[in-house]
Structure formats: C-alpha cells, structure tokens
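Before any comments, here is the structure.
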Amino acid sequence: MPAASSLLTFFVAGLALASSTYIEGVSANVDGDSSRLHESFVPLVAFKCGYRNQHINEEGEWKSDDSQLAQCLEGKYDILKYCKRVYPGKNITNIVEYSHEMNVDKWCKEDGTQCKHSFVVRPYHCIEGEFVTESLQVPGQCHFAHVIGRSTCNDYKYWSNKAEAECAQKVGEKGEQLALRSFAILEPCGLDMFRGVEFVCCPKNKETKPLDQPEITKAKQDPYFKDDDTKSEHERFKEAEERLEKKHRKKVTKVITEWSDLFERYNKMKETDPKGAEEYKREMTARFRKTVAALEEENKEQRKQIEELHDSRVQTALNEKKRQATHEYRSALAMQVGVQNKQNVLRALKTYIKAEEKDRNHMLNRFRHLLRSDPEEAQAFEPILMHRLRYIDLRINGTLAMLRDFPALEKHIRPIAVEFWREYRRENTPEVNDDEVMGLGDDESNEKLIQLYKKTYERTASLSDTILEELPESSAYAKQEKLVNEIREEEFDSISAVTASSNAVVIVALISALTITTAFIVMLRRRSRHPGFIEVDVCTPEERHVAGMQVNGYENPTYSFFDSKP
Numbered sequence: 027m028p029a030a031s032s033l034l035t036f037f038v039a040g041l042a043l044a045s046s047t048y049i050e051g052v053s054a055n056v057d058g059d060s061s062r063l064h065e066s067f068v069p070l071v072a073f074k075c076g077y078r079n080q081h082i083n084e085e086g087e088w089k090s091d092d093s094q095l096a097q098c099l100e101g102k103y104d105i106l107k108y109c110k111r112v113y114p115g116k117n118i119t120n121i122v123e124y125s126h127e128m129n130v131d132k133w134c135k136e137d138g139t140q141c142k143h144s145f146v147v148r149p150y151h152c153i154e155g156e157f158v159t160e161s162l163q164v165p166g167q168c169h170f171a172h173v174i175g176r177s178t179c180n181d182y183k184y185w186s187n188k189a190e191a192e193c194a195q196k197v198g199e200k201g202e203q204l205a206l207r208s209f210a211i212l213e214p215c216g217l218d219m220f221r222g223v224e225f226v227c228c229p230k231n232k233e234t235k236p237l238d239q240p241e242i243t244k245a246k247q248d249p250y251f252k253d254d255d256t257k258s259e260h261e262r263f264k265e266a267e268e269r270l271e272k273k274h275r276k277k278v279t280k281v282i283t284e285w286s287d288l289f290e291r292y293n294k295m296k297e298t299d300p301k302g303a304e305e306y307k308r309e310m311t312a313r314f315r316k317t318v319a320a321l322e323e324e325n326k327e328q329r330k331q332i333e334e335l336h337d338s339r340v341q342t343a344l345n346e347k348k349r350q351a352t353h354e355y356r357s358a359l360a361m362q363v364g365v366q367n368k369q370n371v372l373r374a375l376k377t378y379i380k381a382e383e384k385d386r387n388h389m390l391n392r393f394r395h396l397l398r399s400d401p402e403e404a405q406a407f408e409p410i411l412m413h414r415l416r417y418i419d420l421r422i423n424g425t426l427a428m429l430r431d432f433p434a435l436e437k438h439i440r441p442i443a444v445e446f447w448r449e450y451r452r453e454n455t456p457e458v459n460d461d462e463v464m465g466l467g468d469d470e471s472n473e474k475l476i477q478l479y480k481k482t483y484e485r486t487a488s489l490s491d492t493i494l495e496e497l498p499e500s501s502a503y504a505k506q507e508k509l510v511n512e513i514r515e516e517e518f519d520s521i522s523a524v525t526a527s528s529n530a531v532v533i534v535a536l537i538s539a540l541t542i543t544t545a546f547i548v549m550l551r552r553r554s555r556h557p558g559f560i561e562v563d564v565c566t567p568e569e570r571h572v573a574g575m576q577v578n579g580y581e582n583p584t585y586s587f588f589d590s591k592p
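Everything in the sequence shown is counted per my numbering, starting at 27 for the first residue and increasing by one.
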C-alpha cells in the first residue's frame, strides 16, 4: 500500500501539471544587457511622446515611422494594430513589454526633423503566431519555481515584481540569499495580460554568464488561437468549442476501454483481503475527488481561454465599426457647412447608433452567459458592465450634441434619431420587453436591467432543479441518470484487486477511469439542467409516457412510414 500511495501521489501531481497543457507564454529575463544579440528576428516597436514611433527591421536596425500621425501610442489595442501595420507579412496575435530596456537612437521629432535624439525605453514585443515559452536555464546552486494564479490576470510588471519577490524569500543550500536571475511569463489571458510566471533564483554572489539563445518549445495549440479572421469569427469560435468537446469525449472513450481489465483484479483483492480492499476503496475515493477537481479546473480554463479570445476579437471588430461610423458622421457634418446634407447626416448617425447598440448587446449577452456558466465571474463582471453601459449612453448623447452647431439640422434630425435609438434598443435588448428598463442614458434603467437578468436566471435555475427532482424514473433522463449512477456504484464493487506491489500503470488507469467518468456525468447534468436562459424543458404527462415507451423500444410508426419514403 505505501508503494501504491506514493505512485498515486505522483500521478495526481502529474495530472495537476497536465492541467497546464495550454500554458503558453513569452520569454523574459532580467539580465539587463540591452546589447544582447538574438539569433532570430524579434519584432519590436518603441514609443516616445513628442517623437515618431520606431520599429526594428529584419536587419536588427531601428527605423523611424514615415507617418507624422504615428506617435505616442499607449493603448494596448492601438499598439497591437500598430504592430500589424509595421509587420504586414507576419501574423501578429498579441503584445508584451520587452524583457529589458533598450537604448534607441535617431528619434525624429513629430515633423520628421532632427532625427538625432537618443532615449532609453522599454519596447513592446509583437508576438508572432502562437505563443511560445522559453526553456529557462538552471545553473548549479540555482532553483527553478513558478507561480500561477488561476483567478488572477495581470500585466508584465506585476509578474516581474512577483518573481523578484518570490526569489527574495528563498535561501540557497548554504543559507545564502537568492535573487532573481531570469523569468518567463506564462499563460496569456488577454491582450498583454497573463496568469503566471516561471523563474530561476540564484545566489546573489554567484557569477552568471550571459544566457545563450534558449530553446523555444511550442505548445500544441488549437488553430483558433493562430489566425485572426474576423469575417468568420462566430463560425470559427463554434468549431473551436466543438474540437475541445471532441477531445474530451475521446479521453472518455479511451478510459472506458480500460475498465474490463480492472474488474477482475479488484474482485481478486476482495477474495484475498476484504479489509484491505475496503481501505483501498476509501483511499481511491479521496484521491479520485482531488483528481476530478483538477480535471474540471483544466477543462474550465481551456474553455475560458477560447471564450476570452472570442470576446476580445468581437470587441475589436465592434470598436472598428464604431470608429468608422464616427468618421462618416463627422464627415457628413462637415459637408453640412456648405451644402444641405440632411439625409447623409441622418444615415451616418443611425449607423453610429447601431454600432454602439451592438456593442451594448454584446456586453449584455456576455453577462447572461456568465450568469449561466460562472456566477462568480458574472458578479465580478457586473461593475464593469455598468461602467460600459453608462459610457455607451454618454457617447451616443455626445454624438447627438454635435448637432447643436447646426440648429436647423438639429430641429429636423434629433427627434428622428432619438426615436430610432429608442426603438432599436427596445427591439434588440435580449429577453426584455419592459419599458422601465429601456431608458436612454439612465443609470437607474441599466441597474434595473441587470437585476432583472439576475432574478430571471435565479428563478429559471431554481425551476429547473425542481423539475428534475419531479421527473419520474420512466423518463429517458431518469433512466439514463440511474444507469450512470449504477455504473458509478459498481466501479468499486467490480474493479479488480490492486496489492501494494501492483503495477503503476494499473493505478494510473484506475484513477483516470474514475476521474473522466465523473467529469462526464457532471457535464451531462449541467447540459440537462441549463438548456437555455429562459426556456425550461417542462414535460407533460403524455410526453413522459411516450419517453418511457421509447426507452423500452417503442418507435412511432408514423415516423417510420415517412422515413421509408424516397
């Protein structure tokens, strides 16, 4: 038994590490040597307010931007778009602050003159393709460690400070103080945001040689993370979800095929050592629960990564539409100065209102999705939602206020635009028909709308639980659940014996079988309990009777008749 316990402990630890299969990152270090050469080209961009932007070319030389408008970028989305512009031939997917500051010279003034200035700045690394992570070197007397915060999502600076603080708390084999030597950012959770860091701590007095170019290890990644085709974003998002589900089902199928070998061995153990078999059963149950929790966390994180990337891409597309609509509206107003242009102004204004309202609907749909899938995340997202809803209304009102410079035009267009805004919001706000929560530019209405969604979800979830409890055993769902529960109960009564000297492979297979089975059961229950936000599967007595007959082999002859027709 001690040998089995140690093997099981090793397996559970391995599974916890396996839950980080999708951990990717971008490398970083704190050597501070800005002149360190790179064997491969690294796309970098640098910004300094008052001067034109710079980017590094294929020869490793810094080049000033030719555009007078290319200056002083600070927003992350703007930096990402700039990376894509200066490196059009590369698939830029993310950004991160570079590992160290660099001395960049030949900065040009905004007007393109006096290109002789030199500044020390920290560039941004334009991440090309899928995320990669460096294999950090661990010299003698040094220690490797990592920190991953599943519930946190922070920027480069936070994880840099975290790695430095962790090393400061460690001591070496001889009691000497350790300091941070190098680190790598892990697991992106958004644009220039990450969930963890791995690092190497070395004694402060240890001389460290410059690192050679580390080996780059690319983690297997879903194709959805590699390309950014916003034209088919929804379809590609659904396909990514289906692939994730298919992988999960494949694991379940593989484990089920291994069950037959476990039955006989457990029975033999019961015959020779019933007490030991029961002790083994209790031990397996405890470890099994921990393993299930790790597996569920892994699956949840993988799905969350896909959803966050989808949300980021949709938000980027919406922002671009709003930008274009604003430009067209201002252009139409500019033409109004010399020529009467009422129709073009009204059309551009309606287009802008639609773009803002689509952004609003996207935010509301995301909140409703979080209510169904992750109530804790929904609670954290609620203040962000309120803030964004408020600013959407403020932006639309600000756009309408631009008509004040044209009194005659405002008198004609403003009432039409406001009525269009009201009707569009009434028709497109998800699952709501109450005028009390449909106010324009009203924080109280937004608060009522959010509370309405929360109450609707709570009422629907409660009703679903009640209906599931009242379903008779003759229904298809009840029989399926009963069958699954019987299988789960028989797992410990029919699994073969495992002694203290049993093969480690058998122990691994046992834990995997119990883990995947329970995860599959949880998945089935969740799907059945939450079919939708409002819709509830309420069975009539007749439907229950038919469902029970179908379980016992009954087939409606009407369907067979039409199926046989050519």
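All residues carry an ideal CB built from backbone N, CA and C; glycine is no exception.
Quick check: the Cα distance between K276 and L270, rounded to an integer number of angstroms?
Cα to Cα, the separation comes out at about 10 Å.
Considering only DSSP beta bridges, list what Q203 is partnered with.
Partner(s): V197.
My parser needs the beta strand (DSSP E) runs of 3 or more residues fully inside the region 141 to 190; what are they?
The region 141 to 190 contains these whole beta strand (DSSP E) runs: 143 to 147, 150 to 154, 158 to 160 and 169 to 174.
Collapsed DSSP secondary structure at G76 in the structure displayed
In the three-state reduction of the DSSP assignment, G76 falls in the coil class.
Check whether the Cβ atoms of A443 and L359 sit closer than 8 Å, and answer yes or no.
No, Cβ-Cβ distance for A443 and L359 is not below 8 Å.
For L70, list the residues DSSP reports as bridge partners.
Paired residue(s): H151.
With a threshold of 7 Å on Cβ separation, who are the neighbours of H438 within its own chain once the five nearest residues in sequence on each side are excluded?
Cβ neighbours of H438 beyond the five flanking positions: K368.
If we define contact as Cβ-Cβ less than 8 Å, is E453 a contact residue for chain C?
In the structure shown, chain C cannot be found, because there is only a single protein chain.
If the criterion is Cβ atoms closer than 8 Å, does the pair D337 and R392 meet it?
Contact flag set, yes.
Paired residues, beta bridge with H81 - DSSP:
DSSP output for H81 lists V71 and K89 as bridge partner(s).
Skipping 5 residues on each side, what residues in its chain have a beta carbon closer than 7 Å to that of Y355?
So the qualifying residues of the chain are A374, L375, Y378 and T425.
Compare the C-alpha of C152 against each of T139, Q203 and L217 and name the closest.
That would be L217, whose Cα lies nearest to the Cα of C152.
Can you tell me whether F170 is buried or exposed? The criterion is at least 16 other CB atoms within 10 Å of its CB, across all chains shown.
Exposed.
Is it buried or exposed for Q140, if we count other Cβ within 10 angstroms and need 16 for buried?
Exposed, by the Cβ-count rule.
Please state whether DSSP places G222 in a helix, a strand or coil.
G222: strand per DSSP, three-state reduction.
Whether or not the region 328 to 347 and the region 411 to 420 are in contact is what I'm after, with contact meaning three or more pairs of Cβ atoms, one per stretch, closer than 8 Å; do they touch?
Taking 8 Å as the limit for Cβ pairs, the verdict is that the region 328 to 347 does not touch the region 411 to 420.
Excluding sequence positions up to five away, which residues of its chain have a Cβ less than 6 Å from the Cβ of V226?
Sequence-distant Cβ neighbours of V226 in its own chain, meaning closer than 6 Å and more than five residues away, are L162, V164, C168, F170, R207 and S208.
Using the three-state DSSP reduction, which class does G424 fall into: helix, strand or coil?
The DSSP-derived three-state label of G424 is helix.
Pair every Cβ in the region 118 to 135 with every Cβ in the region 71 to 88, then say whether three or more of these pairs are closer than 8 Å.
Here the region 118 to 135 lies against the region 71 to 88, with 3 or more beta-carbon pairs under 8 Å apart.
Check for me: the beta strand (DSSP E) holding T119 runs from which residue to which?
Looking at the DSSP string, the run of the beta strand (DSSP E) that includes T119 is I118 to E123.
With distance defined between alpha-carbon atoms, name the residue in C179, Y113 and E156 nearest to K330.
Cα-wise, what sits closest to K330 is C179.
Alpha-carbon to alpha-carbon, N472 and K230:
Computed Cα separation, rounded: 56 Å.
Own chain residues within Cβ distance below 7 Å of V112, not counting five before or after
Same-chain partners within the cutoff: V71 and H81.
Could you spell out where the alpha helix (DSSP H) holding D104 opens and where it closes?
From DSSP, the alpha helix (DSSP H) with D104 extends over K102 to V112.
On the criterion of 16 or more Cβ atoms from any shown chain inside 10 Å, does C98 qualify as buried, or is it exposed?
A residue is called buried once 16 or more other Cβ atoms fall within 10 Å of its Cβ, and C98, having fewer, is exposed.
When we look at the beta-carbon of N187 and count the other beta-carbons within 10 Å, is it buried (16 or more) or exposed?
The residue is exposed, with fewer than 16 neighbouring Cβ atoms inside 10 Å.
Is L217 helix, strand or coil by DSSP?
DSSP places L217 outside both helix and strand once states are collapsed to three, so it counts as coil.
Count the other CB atoms within 10 Å of the CB of G222; is the residue buried (16 or more) or exposed (fewer)?
Residue environment for G222: buried (at least 16 other C-beta atoms within 10 angstroms of its C-beta).
Could you give the residue range of the beta strand (DSSP E) that holds N129?
N129 -> beta strand (DSSP E) spans M128 to W133.
Quick one: what's F597 bridged to in DSSP?
The structure shown has nothing for residue 597, since the chain only spans 27 to 592.
Taking the continuous alpha helix (DSSP H) assigned at K437, which residues delimit it?
K437 -> alpha helix (DSSP H) spans P433 to N454.
Alpha carbon to alpha carbon, how far is E484 from V524? Give it in angstroms, no decimals.
Note that V524 scores 36 on pLDDT, short of 50, meaning its location in the model is unreliable; the coordinates nonetheless yield the value given after this. Taking the Cα positions, V524 is about 46 Å away from E484.
Taking its Cβ as the centre, do 16 or more other Cβ atoms sit within 10 Å of E268, making it buried, or is it exposed?
Counting Cβ neighbours within 10 Å, E268 comes out exposed, since fewer than 16 surround it.
In whole angstroms, what separates the C-alpha of V147 from that of K183?
Between V147 and K183, the C-alpha separation is close to 15 Å.
Which one or two residues does DSSP pair with C227 in a beta bridge?
According to DSSP, residue pairing for C227 in a beta bridge involves H169 and L206.
Determine the contact status of E408 and C215, defining contact as a CB-CB distance below 8 Å.
No, the pair does not count as a contact, with Cβ atoms beyond the cut-off.
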